[in-house]
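Trainee: Got a structure for you, written out below as structure tokens; questions coming shortly.
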Amino acid sequence: MTVRVVLADDQPLVRAALRMVIADAPDLELVGEAGTGSEAVRLAEDVHPDVVVMDIRMPGMDGIDATRLITARRPAPAPTPRTLEGITEREREVLTLVGRGMSNTEIAADLVISVATVKAYMSRLLTKLDARDRVQLVIIAYEAGLVSASR
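Residue numbers (the working numbering): 1 to 151.
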């Protein structure tokens, strides 16, 4: 299955770099590029991508507002919350804070633990949830309902 991708970034050099990454992936197809949030909204309506890689900071309509419009205009069945079986309550707390975009240092301060301890929790979460990286943990936190976009 090929995943159809739209790139939205106001910096042509960033789009060019991402275009090369997508071109090298056999299961990705670039179906359009936009330099502003409003262009991304129009493009998404026209080409119906599976994924939009969106810059957050763009002139005019930013990526957050553009993403809200794109998702609001494209109805999707409510996703089934992901279960987090096998993780401890403390790991759940760490995952929630990762989902909120906090760094290891910020998580350590919030939970009053050392950065080394946060790193240990992160390692365990990556293993237990079969996640490749921190970004995937953020996605899992959203899918599990630990954090939401309306925050």
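For each residue, glycine too, the CB sits at the ideal point set by N, CA and C.
Report the three-state DSSP secondary structure of glutamate 85 (helix, strand or coil).
Mentor: By one-based count along the sequence shown, residue 85 stands at place 85. In the three-state DSSP reduction, glutamate 85 falls in the coil class, being neither helix nor strand.
Trainee: If contacts are defined as beta-carbon pairs under 8 Å, then valine 6 and valine 41 qualify, I think. What distance do you get, rounded to the angstrom?
Mentor: The residue given as residue 6 occupies position 6 in the sequence shown. The residue given as residue 41 occupies position 41 in the sequence shown. At roughly 10 Å, the Cβ-Cβ gap does not stay under 8 Å, so valine 6 and valine 41 are not in contact.
Trainee: So arginine 4 is in the alpha helix (DSSP H); what residue range does that whole segment cover?
Mentor: Counting from 1 along the sequence shown, the entry for residue 4 is found at position 4. That residue, arginine 4, is in no alpha helix (DSSP H); its beta strand (DSSP E) goes 3–8.
Trainee: What distance in whole Å lies between the Cβ atoms of glycine 99 and tyrosine 153, which are believed to be in contact at a cut-off of 8 Å?
Mentor: Within the shown structure, residues of the chain are numbered from 1 to 151, placing residue 153 beyond reach of any answer.
Trainee: Between which residues of its own chain and threonine 105 is the CB-CB distance below 7 Å, once the five residues before and five after are set aside?
Mentor: Position 105 of the sequence shown holds residue 105. Excluding residues within five positions, the ones whose Cβ falls inside 7 Å are Val115.
Trainee: Is it a yes or a no for the segment 114–130 touching the segment 82–101, going by three-plus beta-carbon pairs under 8 Å?
Mentor: Yes: at least three Cβ pairs fall under 8 Å.
Trainee: Can you give me the C-alpha to C-alpha distance between glycine 60 and arginine 19, rounded to a whole angstrom?
Mentor: Here residue 60 corresponds to residue number 60 of the sequence shown, with the count starting at 1. Here residue 19 corresponds to residue number 19 of the sequence shown, with the count starting at 1. So the alpha carbons of these two residues sit roughly 23 Å apart.
Trainee: Take leucine 97 and list the residues in its own chain whose beta-carbon comes closer than 8 Å to its own, dropping the five residues that flank it on each side.
Mentor: On the sequence shown, position 97 is the one that residue 97 refers to. Closer than 8 Å at Cβ, skipping near neighbours: Glu106, Ile107, Asp110 and Leu111.
Trainee: Among all the DSSP beta bridges, which residues are the ones paired with valine 51?
Mentor: Counting from 1 along the sequence shown, the entry for residue 51 is found at position 51. Valine 51 is bridged to Val5.
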